[in-house]
Amino acid sequence: MKDPTRIPRILEELRATWEGQPDLELATLFGILQNRGIGWGTDDDTLVEALRELRHRRPPRVENGATGRFIVDTTGPDCRVMIDPHRVVVRRPGPSGAFSQPGVWEYSGIIRCEVGSPLLIDDREEVRHRLGVVTGIERVSDHPLRQETSLGGLTRELLDDRVLLIRVEDGTSVVVSRSLSVFTPTRRAVDHARHPWTRLITVTPGEPLVIEQPTGLLELGPVTECFFLEG
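By our numbering, the letter at position 100 of the sequence shown is numbered 80, and the numbering carries on one by one without gaps.
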């Protein structure tokens, strides 16, 4: 007879994985496991390994000291929040559904980041930010944000579904995805313009940002930082 005391441990692995995607019906979760080769006759250790792999990609929570980069979706208010070990990037959908200018800041502590609970993060000045109720968490990388310094020549096709944030000296932020979203601060507001694009020409810190469009070149101020938000 197999040791019955293993059962609570395995059920705990299932619970922890399911908590990361609570909108899934249990049968759907079993279907996902089946697609990973889990089925009749699978031993318990293999099942636990598959559950942990799912949970690594879609964890139920992010805690202080967690390595890697996470995308956290929230509601009330709706936000998409990128978290790495050092900083937070907050994007909110505007009236048209497109995301507004990203807010980028360093944090001192993750107070709570758990599916189904409010997302609470303290910034460096110990101001607590409530960023809505977490609806889902995805680990998009096992590594923190990395400053990109050699993206010249990157085309729209090669970017694929990744999302890139470029910041320039005058405070302008450029979000590069399937289109360009350029956020330019003015005295009273932030102007937002969307452009098609074909290729990044120059994206080097300290040098002017140059992007090729179907109708010509878009030239902005010197780049201060550049990193991938997603992908």
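Beta carbons are placed, not taken as given, at the ideal position from N, Cα and C, and that holds for glycine.
Spell out the partners DSSP gives residue i in its beta bridges.
i           : result
residue 173 : 162
residue 85  : 68
residue 93  : Paired residues: none, contrary to the question.
residue 0   : Paired residues: none, contrary to the question.
residue 144 : 156 and 208
Quick test of your reading: residue i and residue j, contact by CB under 8 angstroms. State the CB separation rounded to the nearest angstrom.
i           : j           : result
residue 67  : residue 82  : Not quite, the Cβ-Cβ distance comes to about 11 angstroms (not below 8 angstroms), so this is no contact.
residue 38  : residue 1   : 5 angstroms
residue 99  : residue 47  : About 19 angstroms separates the two Cβ atoms, so there is no contact after all.
residue 125 : residue 154 : Rounded, the Cβ-Cβ distance is 16 angstroms, inconsistent with contact.
Mark residue i as exposed unless 16 or more other C-beta atoms lie within 10 angstroms of its C-beta, in which case mark it buried.
i           : result
residue 78  : exposed
residue 170 : exposed
residue 64  : buried
Would you identify the three-state DSSP class for residue i, choosing helix, strand or coil?
i           : result
residue 11  : helix
residue 181 : strand
residue -7  : helix
residue 47  : coil
residue 53  : strand
residue 123 : coil
residue 136 : helix
residue 114 : strand
residue 31  : helix
residue 131 : coil
Shortest alpha-carbon distance to residue i belongs to which of the options?
i           : options              : result
residue 107 : 116, 91 and 122      : 91
residue 146 : 131, 207 and 133     : 207
residue 184 : 36, 131 and -8       : 131
residue 187 : 199, 194, 18 and 176 : 199
residue 158 : 117, 179, 95 and 86  : 179
residue -6  : -19, 10 and -18      : 10
residue 73  : 62, 104, 85 and 57   : 57
Taking 6 angstroms as the line, does the beta carbon of residue i fall inside it for any heavy atom of the ligand PLP?
i           : result
residue 155 : The ligand PLP is absent from the structure shown, which contains no ligand whatsoever.
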